[in-house]
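Note that the protein sequences, when read in sequence, are chains A and B.
So in my numbering, spot 20 of the first sequence is number 130, and the numbers just go up one at a time.
So in my numbering, spot 64 of the second sequence is number 285, and the numbers just go up one at a time.
The beta carbon of each residue, even a glycine, is placed where N, CA and C say it ideally should be.
Here the structure comes first, spelled out in structure tokens, and everything after it is commentary.
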Amino acid sequence: DAGITQSPRHKVTETGTPVTLRCHQTENHRYMYWYRQDPGHGLRLIHYSYGVKDTDKGEVSDGYSVSRSKTEDFLLTLESATSSQTSVYFCAISESLLSSYEQYFGPGTRLTVT
Amino acid sequence: DAKTTQPPSMDCAEGRAANLPCNHSTISGNEYVYWYRQIHSQGPQYIIHGLKNNETNEMASLIITEDRKSSTLILPHATLRDTAVYYCIVRVTGGGNKLTFGTGTQLKVEL
């Protein structure tokens, strides 16, 4: 299994509070992704990174920011959490952006915003 | 990305081959076919991918029709641990190379 960890694995927070989720990899892969998974929607891309300090938006980026100061860490921040951000968040890594390269996923973080 | 169509659910007896179909009739020439699975709320797990040739690895085989409009994932000897949701995804380089997961096929392997 690819060396990907996510922390925390579970979190309950209140509306309006800031939340940061961490993804850590030991594979030295250049590309990292954040997805969210909700019932009836499958996984949707939030943000991705194509190198240290290089990030871009995915299809559901509103309300989220990311940072990548080191190859191994990709942080997802909810500046002011809302109930609509209750979801399961998955981090993924890939060696390349080419479509011939697979993505490997972490175990997920279950976030509940009350 | 091309849209995919999969049956919502399938059953398979343990030890038998599981054949999971996927239609992707609007696939274009540079789109790969990927299969992932997700076991009960775990992170999705990569299984196999291909462009136009059939592929085989230690987990499964992927059969892509000559016109590339459909494919079949084959688990040769399904076990109870193969019970999962299986996602067929077609993917093209660009736009962050995101994976667009549909609702997949819930495969239930039974004794």
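Is residue 147 of chain A helix, strand or coil by DSSP?
-> Looking at residue 147 of chain A - three-state DSSP - the assignment turns out to be strand.
Selection of the region 135-161 of chain A by Cβ proximity to chain B, strictly under 9 Å = Residues are counted here when their Cβ sits less than 9 Å from a Cβ of chain B; for the region 135-161 of chain A these are 141, 143, 145, 147, 150, 151, 152, 153, 154, 155, 157, 158, 160, given in chain order.
Identify the contact partners of residue 264 of chain B in chain A, using a Cβ-Cβ distance below 7 Å as the criterion.
-> In chain order: 200, 215, 216, 217, 218.
Residue 224 of chain B at chain A interface by Cβ criterion, 8 Å = Closer than 8 Å: no.
Cβ-based contacts, 9 Å cut-off: residues of the region 233-261 of chain B near chain A = So the list reads 251, 252, 253, 255, 257, 259, given in the order they occur along the chain.
Would the beta-carbon of residue 168 of chain A fall within 8 Å of that of residue 155 of chain A?
-> In contact: residue 168 of chain A and residue 155 of chain A (Cβ atoms closer than 8 Å).
Taking all protein chains shown into account, decide if residue 305 of chain B is buried (16 or more other Cβ within 10 angstroms of its Cβ) or exposed.
-> Buried, since its Cβ has 16 or more Cβ neighbours within 10 Å.
State yes or no: is the C-beta of residue 297 of chain B within less than 8 Å of the C-beta of residue 282 of chain B?
-> For the 8 Å CB-CB criterion, residue 297 of chain B and residue 282 of chain B form a contact.
Starting from the C-beta of residue 270 of chain B, find all residues in its chain whose C-beta is less than 6 Å away, skip the five residues before and the five after it, and write them out in chain order.
-> For residue 270 of chain B, the CB contacts under 6 Å within the same chain, skipping 5 residues up- and downstream, are 253, 255 in chain order.
Does any C-beta atom of chain A lie closer than 8 Å to the C-beta of residue 307 of chain B?
-> So no, residue 307 of chain B is outside the interface.
Helix, strand or coil: how does DSSP classify residue 263 of chain B here?
-> Of the three classes helix, strand and coil, the one that applies to residue 263 of chain B here is coil, per DSSP.
Contact list for residue 212 of chain A against chain B, beta-carbon separation under 8 Å = For the C-beta of residue 212 of chain A, the chain B residues within less than 8 Å are, from N- to C-terminus, 255, 267, 270.
Who are residue 174 of chain A's beta bridge partners in DSSP?
-> The beta-bridge partner set that DSSP reports for residue 174 of chain A consists of A:188.
Ignore the nearest five residues each way along the sequence and tell me which others in residue 280 of chain B's own chain have a CB closer than 6 Å to its CB.
-> Counting only Cβ-Cβ distances below 6 Å, and skipping sequence neighbours, we find 268.
Just mark residue 249 of chain B as buried or exposed, buried being the case when its beta carbon has 16 or more other beta carbons within 10 Å.
-> Counting other Cβ atoms within 10 Å of its Cβ, residue 249 of chain B stays below 16 and is therefore classed as exposed.
Touch check for the region 133-145 of chain A and the region 234-246 of chain B: three-plus C-beta pairs under 8 Å?
-> No: fewer than three Cβ pairs fall under 8 Å.
Using DSSP with H/G/I as helix, E/B as strand and the rest coil, what is residue 332 of chain B?
-> In the three-state scheme derived from DSSP, where H, G and I count as helix and E and B as strand, residue 332 of chain B is classed as coil.
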